[in-house]
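Asker:
Residue numbers (the working numbering): 9 to 301.
Printed below as a string of structure tokens:
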């Protein structure tokens, strides 16, 4: 498995343009943001005054960066990356050369894990660079950057950071699941990207569809189905990790209002079901495919 992981990592990293545009753009963007803001703060007193009025903690900056992986835009970028990585195996005819010498289940599971780790490494680098960059900007503006380092602060931050990184890894697995299933169906990069994007857009717009059904059919209970979407539960888990409270969603239609607010445990179970289901279905389909034809 270690050799498979190393080979897959090298293969992903070898797609320099793709990884640069969709993955490494995040740590590079953190550095670019810091340099631009440093120049602005150095030249503008009003910008420094505005910066001082904003309260920022380095712990929140470090942990909060991971939230981008769980919002719709972040998930779309992940899906674009993973769709190319999975669907590309068919167009580049990679499977034909490696499947005869390897078992299919370890191959597909290793691909999921390696993609997840690759994305987590890039986002970990971005979170550290953005946190250090914000510290530089606060110093230029002569603004505080609490809290002070202490054993308690470090323990809490490490715990929250680890959970956010794990959640980012899980978010990547879900995106990879969409993309992998699309790849199984289309066997093309463009088809994989389009199908995976369509599924994600449908999920993001599912709240609107459910509201319309509830309104026209007078079925308010149908809005509860939104509680089982991965997007809602990823955001809810992220809110629990960052703030210690959930991320309630209010769905309005006509004169009715339904508030969805679930516990950390509920969202964790739903997300686990999505991850296991997507990877399991992908693996089952992959085992039955005729790759060599």
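We put the beta carbon where it would ideally sit given N, CA and C, even for glycine.
Can we count residue 169 as close to the ligand MN, meaning its CB is less than 7 Å from some heavy atom?
Answerer: Summarising the ligand content, the structure contains no ligands, and the ligand MN is consequently not present.
Asker: Which residues in the same chain as residue 236 place their Cβ atom closer than 8 Å to its Cβ, once the five residues preceding and following it in sequence are excluded?
Answerer: 278
Asker: What is the DSSP secondary structure of residue 64, reduced to helix, strand or coil?
Answerer: Coil.
Asker: For the pair the segment 133-140 and the segment 190-200, tell me if three or more CB-CB distances fall below 8 Å.
Answerer: no
Asker: Restricting to Cα atoms, I'd like to know which of 127, 117, 59 is closest to residue 151.
Answerer: Measuring from the Cα of residue 151, the nearest candidate turns out to be 59.
Asker: In whole angstroms, what separates the C-alpha of residue 173 from that of residue 180?
Answerer: 11 Å
Asker: What is the DSSP secondary structure of residue 257, reduced to helix, strand or coil?
Answerer: Three-state DSSP puts residue 257 in a strand.
Asker: Taking only three categories from DSSP, how would you classify residue 195?
Answerer: Note: residue 195 maps to coil in three-state DSSP.
Asker: Output the distance between the C-alpha atoms of residue 51 and residue 143, rounded to the nearest integer angstrom.
Answerer: 18 Å
Asker: Tell me the DSSP secondary structure of residue 264 in three-state form.
Answerer: strand
Asker: Assuming contact is defined by CB atoms lying nearer than 8 Å, are residue 65 and residue 138 in contact in what I supplied?
Answerer: no
Asker: Run through DSSP, which three-state label would residue 269 get?
Answerer: Coil.
Asker: Quick check on residue 18: does DSSP put it in helix, strand or coil?
Answerer: Note: residue 18 maps to helix in three-state DSSP.
Asker: Using three-state DSSP, classify residue 226 as helix, strand or coil.
Answerer: coil
Asker: For the candidate residues 26, 289, 259, 112, whose alpha-carbon lies nearest to that of residue 220?
Answerer: 259
Asker: Using a Cβ-Cβ cutoff of less than 7 Å, which residues in the same chain neighbour residue 282 once the five nearest sequence positions on both sides are dropped?
Answerer: 182, 238
Asker: Is the segment 109-123 touching the segment 9-18, taking contact as three or more C-beta pairs under 8 Å?
Answerer: yes
Asker: What is the DSSP secondary structure of residue 290, counted as helix, strand or coil?
Answerer: In the structure shown, residue 290 sits in a helix (DSSP, three-state: H, G or I).
Asker: Taking all protein chains shown into account, decide if residue 97 is buried (16 or more other Cβ within 10 angstroms of its Cβ) or exposed.
Answerer: buried
Asker: Look at the Cβ atom of residue 229, then the Cβ atom of residue 244, and state whether they are nearer than 8 Å.
Answerer: Their beta carbons are not under 8 Å apart, which means residue 229 does not touch residue 244 by this criterion.
Asker: Where does residue 252 sit, in a helix, a strand or coil, going by DSSP?
Answerer: coil
Asker: Whole angstroms is fine: what's the gap from residue 266's alpha carbon to residue 127's?
Answerer: 35 Å
Asker: Hey, is the segment 74-94 in contact with the segment 154-164, meaning 3+ C-beta pairs nearer than 8 Å?
Answerer: no
Asker: How many whole angstroms separate the CB atoms of residue 215 and residue 203, which I take to be in contact at a CB cut-off of 8 Å?
Answerer: Cβ atoms of residue 215 and residue 203 stay farther apart than 8 Å, at about 21 Å.
Asker: Cα-Cα, which of 280, 85, 43 is closest to residue 29?
Answerer: Among 280, 85, 43, the Cα nearest to that of residue 29 belongs to 85.
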